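Structure first, then comments.
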Amino acid sequence: MKFFIGILALLVCSVSALEFDRPCRDTVAAKENFSPAFYTGNWFELYNSLDQGNADCIDHHYTRRGLQQVFDVERIGFVEGLGFLREAGVASVAFPNETPMRAIFNATITRITGGTINYNYRVVATDYTNYAVVWSCTDLPNNRSQEEGAILGRQIQLNEASYTKVDAILESVELNREDFRFIDHSPERCGLETERNN
């Protein structure tokens, strides 16, 4: 996901992603029968394919706009020496009238350093209460592509059964959790709740 939800990158950090000698694939599925109501709320970013330097304690908050298929999304992450930083954006279901609805999003994010970017991403799978796997892809020159992904959880870690499901989901889209960066949510790293909420 270049997603806050997945995949907004804090621009104070270096950003890279998984690059492949192939164009973006149209075979990566998006969750069908997607429920915006159930997806609303807080998600912790547990793994990300982006190299975000020392950014940890990353979480996303999705607020649905009434009954629309549109979310206001805020992403917060802790960067050593800079404290907790926030980015905000809007994510809209790309095909809201589609039946069954798929979790494909068009998003706009306002960067910390100014300016906005537009991109799309998809929730490959989620059970709404434990995990979500997010994916996006950007075509590069010479038939190459850059893929980005994130593993999100409702808690700061997943249970063993959820990790087993997530690993199978990643394998189905030809990715591997070993290629992702673990995001630290330990109390020692993220315990500054007063600062985080200011």
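Residues -17 to -1, 1 to 181 in mature numbering (1 follows the signal peptide of the UniProt record, and there is no 0) are what the sequence shown spells out, letter by letter.
We put the beta carbon where it would ideally sit given N, CA and C, even for glycine.
The structure displayed is predicted, hence computed values, not measured ones.
Let's see if you can read the secondary structure: which residues bound the beta strand (DSSP E) around Ile134?
Arg127 to Gly136
Between the segment 142 to 155 and the segment 42 to 55, do three or more beta carbon pairs fall short of 8 Å?
Between the segment 142 to 155 and the segment 42 to 55 there are fewer than three C-beta pairs closer than 8 Å, too few to call the two in contact.
Any idea what DSSP makes of Ala151, helix, strand or coil?
Ala151: helix per DSSP, three-state reduction.
Between which two residues does the alpha helix (DSSP H) harbouring Ala13 extend?
That residue, Ala13, is in no alpha helix (DSSP H); it is neither H nor E in DSSP.
Identified DSSP bridge partners for Ile120
The amino acid occupying residue 120 in the given sequence is Cys; Ile does not appear at that position. BP columns for Cys120 point to Glu130.
What do you get for Pro79, buried or exposed, if any count of 16 or more other CB atoms within 10 angstroms of its CB means buried?
exposed
Of the residues Ser128, His43 and Tyr102, which one's Cα is nearest the Cα of Gly136?
His43
Can you look up Glu143 in the DSSP assignment and give me helix, strand or coil?
helix
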